[in-house]
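Which chain is which? The protein sequence lines are A and B, in order.
Under this note's numbering, the first residue of the first sequence carries the number 102, and numbering increases by one thereafter.
Under this note's numbering, the first residue of the second sequence carries the number 405, and numbering increases by one thereafter.
In what follows, a single structure is set out as structure tokens and then discussed.
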Amino acid sequence: MPYPEALKELIKKVEATRAVRVQRKKAGEELPFMSLEERAATLHFHPDIKDEGRREILVGPSKGYKIAHEYVDLLEAKPRVDPDKVDLTKADYETDVLVIGGGGAGTAAALLAQETGAKVIIATKLRHGDANTMMAEGGIQAASKPHKDSPYYHYLDVMGGGHFVNVPDLVEALVNEAPDVILWLERLGMNFSKYPDGRLKTMHGGGTSRKRMHFAADITGAEIMRTIRDEARNRSADIKVLEFSPAVELVLDDRGRCAGALLYNLETAEYFLVKAKAVVMATGGSGRLHVQQFMTTNHYGATFDGAVLAYRAGVPVCFLHTIQYHPTGVVFPEQAEGILITEKFRGIGANLVNIDGEQFVNEREPRDVEAAAIIKECVAKGKGVPTPTGRFGVWLDSPMIDVLLGEGTVEREFPGKFILYKRFGIDISKEPMLIYPTLHYQNGGLEYQPNGATRVPGLFVAGEVGGGVHGENRLMGNSLLDILVFGRLAGASAGRFAKEVDGPRKLSLDHVRKYVKELEAAGVGLDRIAPMLLPDYTLPDVKSRQLTAHYAGTLRS
Amino acid sequence: MSTAAMGEDRIPEVKSKLIPIYVMGKRYDVPDSLTIMKAMEYAGYKFIRGCGCRGGICGACGTVYRLQGDYHIRVGLACQTVVQPGMYLTQIPFYPANRAVFDYETTPAVPESVFKAYPELFRCVACNACTKVCPMDVPVMDYIAAIKRGDFEKATELSFDCIQCGLCATRCMGEMAQYHIAQMVRRLYGGKIAPRAGHLAEMVSNIKAGKYQPGIDELKKTDVATLKKLYMSKEAREIEPNMSEDDWTPANRAYL
Chain A
102 MPYPEALKEL IKKVEATRAV RVQRKKAGEE LPFMSLEERA ATLHFHPDIK
152 DEGRREILVG PSKGYKIAHE YVDLLEAKPR VDPDKVDLTK ADYETDVLVI
202 GGGGAGTAAA LLAQETGAKV IIATKLRHGD ANTMMAEGGI QAASKPHKDS
252 PYYHYLDVMG GGHFVNVPDL VEALVNEAPD VILWLERLGM NFSKYPDGRL
302 KTMHGGGTSR KRMHFAADIT GAEIMRTIRD EARNRSADIK VLEFSPAVEL
352 VLDDRGRCAG ALLYNLETAE YFLVKAKAVV MATGGSGRLH VQQFMTTNHY
402 GATFDGAVLA YRAGVPVCFL HTIQYHPTGV VFPEQAEGIL ITEKFRGIGA
452 NLVNIDGEQF VNEREPRDVE AAAIIKECVA KGKGVPTPTG RFGVWLDSPM
502 IDVLLGEGTV EREFPGKFIL YKRFGIDISK EPMLIYPTLH YQNGGLEYQP
552 NGATRVPGLF VAGEVGGGVH GENRLMGNSL LDILVFGRLA GASAGRFAKE
602 VDGPRKLSLD HVRKYVKELE AAGVGLDRIA PMLLPDYTLP DVKSRQLTAH
652 YAGTLRS
Chain B
405 MSTAAMGEDR IPEVKSKLIP IYVMGKRYDV PDSLTIMKAM EYAGYKFIRG
455 CGCRGGICGA CGTVYRLQGD YHIRVGLACQ TVVQPGMYLT QIPFYPANRA
505 VFDYETTPAV PESVFKAYPE LFRCVACNAC TKVCPMDVPV MDYIAAIKRG
555 DFEKATELSF DCIQCGLCAT RCMGEMAQYH IAQMVRRLYG GKIAPRAGHL
605 AEMVSNIKAG KYQPGIDELK KTDVATLKKL YMSKEAREIE PNMSEDDWTP
655 ANRAYL
């Protein structure tokens, strides 16, 4: 729906200050970036700070760690399947490498594992490519321009954005491998936005010191995903894809090595056993848990499953005490609520302004700082713009992009968002967007090494399900990079591991039995089951009429 | 206000009025402000298929509908399209499609490669039903024509917003799966025809030669206090101006 009159009136205040803001931008007079002290003060308004939002986990390898209730609820939960019901003597599938998750990390892992000579199975909950990867818009970082950038500066930026607590070995791998990932994509036929001579177009993101964000219009993640998925499909002789088949438990062998997984066919409700010499966990993030009731940008399937499975098998979690709220999610129109507005709008020059049309923060602070600044503006300063449904947001002044860079730039550079808003009767090259922070990214996750290895031999981790490389806050453009760097490394490692070791011995689910005993001893989680697999959006009213429906967690069968 | 912004997909409390929609012919009364996807969830559907990113890019929720008293076939993504009174709809979450396996490394970027993989290209009768059914407004027929002419650049540009939902394939009189053909063409164009980025290959070989490793090793050994100083220093970490041209260079070139 178009902006109602009340909002159109308020837009006039944005228009009134636009010319001056554009002039300042052209003259290079930016609103100063915050000092580290100012950042810290602003972060008091970040949702992570709320102590009532979290509690200690009482069981498992990270016992005592205080993280969001929504995470703890799933870590402290019973398995979907009683281990005693599973016949581990007959595998339905046998393979060298099992990749759990069919997004960017999983697909990259499958390709690299295959290149070591391994036979690969990708087990994925929904369709191959159904993942947050597909939704990433803005770009992928890499220091690709020797005349002005190097991995050294990328490293500094990553550490600063992550509050200097990132795992250095992981950051080193991330920044050193980055240009090679871009080259790999270019060679696989991905269409990056380029100058006519082939140079890659790059721009800033929040917290970058050099313009190193590479992109493919505003559908970078989709272009990456469809390219590498297409390549996986070309290798279908070696890479088999099982769709609508989420893993619900890892299987170990009697030496404690990871030896496969138990899959659930969402459509037939059958369970299938996959026996594998190595397993890559690449299930992605967790936005669909709606931590602190926040709206989310995430895919339908982002439900924390892989973290739950690997945690039960003995892999600790880290950096989960911070969650990334993307500064700019749609808050009006309400049909589009939570949808991501790429940081590229700000990277290219659009200001954030309050109800009075005043710019209140530099638009290129790291994401946590930027999000906290917006919340502060609305909550503490009362300068938010009210929406018809009683919420608040601030303006993202997209029309100033056309003023800065020429008419037609918004439509050309942001075709996806331009069409989305056009459907609602809003022309974002003429009217600004109303935005508010939205749950976006799981900064932390399973502990892993640069080669993907975990404490469980044979189990490798890649992508958003892992934690450490981004410290306490990820910068824009480093998640597409993360999934491909560590997807490739983990896939290659898993392929080599499968070749070097002898196959799994006697399969076992004893780790699950042991975990249930821990839950019983602690007296927690016995009324919940995990992994969640799909979020539950069925209304209580509907449920009250489903007199004979059976719910296992959030799933109805 | 509440900072606990309501979860996007918890369906908002109904303030709007209820309107009838027909899901595969069966009537449900749903709030008029919802998207088709949320309206179906409101009605009690739980998605396994037909739902993906919920953000208009994954192609899982292609939906076909008609309005009462109107013969036109209309389309939309369920996650993006707002319900209308009397909408008769069905999702088409999957449609069988022919995809040719090709060896990317050895396939030359010439029109014949695509013609060989997809001879059905020439069964196009230019009816334009594909373009009309595309929920992303991609000019499908035009990119197919470009492919037939061997203009891969044009086909890449025209098909770039394709989300591979497959609705074009449902309507094709020539029985082709246009989106798979376009994918092959885009990859051949992007990897084998479009000019390569010379600076990228140079950077990769610099890294492999260990050029930047001493700098990285220094940073890895540096204590946090010093790292913070470097991070905030305008000399050590000079920030490229936002409006600079691509050929901008920093004053301090110590770690380049």
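Even for Gly, the Cβ is constructed at its ideal location relative to N, Cα and C.
Item	Value
If contacts are defined as beta-carbon pairs under 8 Å, then Asp250 of chain A and Arg313 of chain A qualify, I think. What distance do you get, rounded to the angstrom?	6 Å
Can we say the stretch 592 to 607 of chain A touches the stretch 348 to 362 of chain A, given the rule of at least three CB pairs closer than 8 Å?	yes
If you draw a straight line from the alpha carbon of Glu417 of chain B to that of Thr655 of chain A, how long is it in whole angstroms?	Confidence is the limiting factor: at Glu417 of chain B the pLDDT is only 49, short of 50, which leaves the residue's position unreliable, though a coordinate-based value still follows. For Glu417 of chain B and Thr655 of chain A, the distance between alpha carbons rounds to 21 Å.
Bridge partners for Gln460 of chain A per DSSP, in chain order?	A:Val454
According to DSSP, is Gly388 of chain A helix, strand or coil?	helix
The beta strand (DSSP E) that contains Gly361 of chain A, what's its start and end?	359 to 365
Would you say Tyr345 of chain B lies against chain A (beta-carbon separation less than 7 Å)?	Here chain B comprises residues numbered 405 to 660, so residue 345 of chain B is not present and cannot be evaluated.
Where does the unbroken beta strand (DSSP E) through Met382 of chain A begin, and where does it stop?	372 to 382
Below 8 Å CB to CB, which residues in the same chain sit around Ile584 of chain A once its five sequence neighbours on both sides are set aside?	Gly204, Gly205, Ala206, Ala209, Thr234, Ala383, Ala563, Gly564, Glu565
Looking only at its chain, what residues have a beta carbon closer than 8 Å to the beta carbon of Ile551 of chain B, apart from the 5 residues adjacent to it on each side?	Pro515, Val518, Leu525, Ala559, Ile585, Ala586, Val589
Which chain A residues are close to Thr560 of chain B, counting only those with a beta carbon under 7 Å from its beta carbon?	Asn292
Any chance the stretch 148 to 163 of chain A sits against the stretch 399 to 408 of chain A, with 3 or more Cβ pairs inside 8 Å?	no
Taking Cβ to Cβ, would you say Leu367 of chain A is nearer than 7 Å to Ile452 of chain B?	yes
Please return the same chain residues whose Cβ sits closer than 6 Å to the Cβ of Leu275 of chain A, not counting the five positions on each side in sequence.	Val570, Val586
Measuring alpha carbon to alpha carbon, tell me which residue in A:Ala650, A:Gln550, A:Thr443, A:Leu257 is nearest Tyr537 of chain A.	A:Thr443
Among A:Val643, A:Asn579, A:Glu195, which residue has its Cα nearest to the Cα of Lys378 of chain A?	A:Glu195
Just to make sure I have the definition right: I need the residues of chain A whose C-beta is within less than 9 Å of the C-beta of Phe564 of chain B. Which are they?	Asn292, Ala317, Ala318, Ile320, Glu324, Pro516
Can you pull the chain B residues whose beta carbon is under 8 Å from the beta carbon of Lys114 of chain A, in chain order?	What Lys114 of chain A touches in chain B: nothing, since even the nearest Cβ is about 20 Å away.
Taking a cut of 9 Å between CB atoms, which residues from the stretch 443 to 469 of chain B lie near chain E?	Protein chains A and B are contained in the structure displayed, whereas chain E is not.
Using beta carbons (cut-off 7 Å, strictly below), is Arg431 of chain B in contact with chain A?	no
For Arg311 of chain A, return the contacting residues in chain B, with the cut-off set at a CB-CB distance below 7 Å.	Glu644
So Trp496 of chain A is in the alpha helix (DSSP H); what residue range does that whole segment cover?	No alpha helix (DSSP H) contains Trp496 of chain A, which is instead part of the beta strand (DSSP E) from 493 to 497.
For the stretch 525 to 574 of chain B, list the alpha helix (DSSP H) runs that are entirely contained and at least 4 residues long, ordered along the chain.	533 to 537, 544 to 553, 556 to 563
Quick check: is the beta carbon of Ala586 of chain B nearer than 7 Å to any beta carbon in chain A?	no
Starting from Arg119 of chain A, trace the beta strand (DSSP E) both ways and give me its first and last residue.	Here Arg119 of chain A belongs to no beta strand (DSSP E); instead the alpha helix (DSSP H) covers 106 to 127.
Can you look up Phe715 of chain A in the DSSP assignment and give me helix, strand or coil?	Outside the shown range of chain A (102 to 658) lies residue 715 of chain A, about which nothing can therefore be said.
Can you pull the chain B neighbours of Pro269 of chain A, defined as C-beta to C-beta under 7 Å?	Lys624
Candidates A:Glu466, A:Val259, A:Tyr412: which alpha carbon is nearest Leu144 of chain A's?	A:Glu466
Taking DSSP as the reference, what is the three-state secondary structure of Ile475 of chain A?	helix
Use the C-beta contact count for Ser136 of chain A: other C-beta atoms within 10 angstroms, 16 or more gives buried, fewer gives exposed.	exposed
Checking 7 Å against the spacing of the C-beta atoms, do Ser530 of chain A and Asp498 of chain A come in under that value?	no
Met236 of chain A versus chain B: which residues are under 8 Å apart at the beta carbon?	Cys457, Gly459, Ile461, Cys462
Can the beta-carbon of Lys376 of chain A be found closer than 7 Å to that of Ala599 of chain A?	no
With a threshold of 7 Å between beta-carbons, can Arg590 of chain B be considered close to chain A, or not?	yes
Within the same chain, show all residues whose beta-carbon is closer than 6 Å to that of Met577 of chain B, passing over the 5 residues directly before and after it, in chain order.	Val529, Cys531
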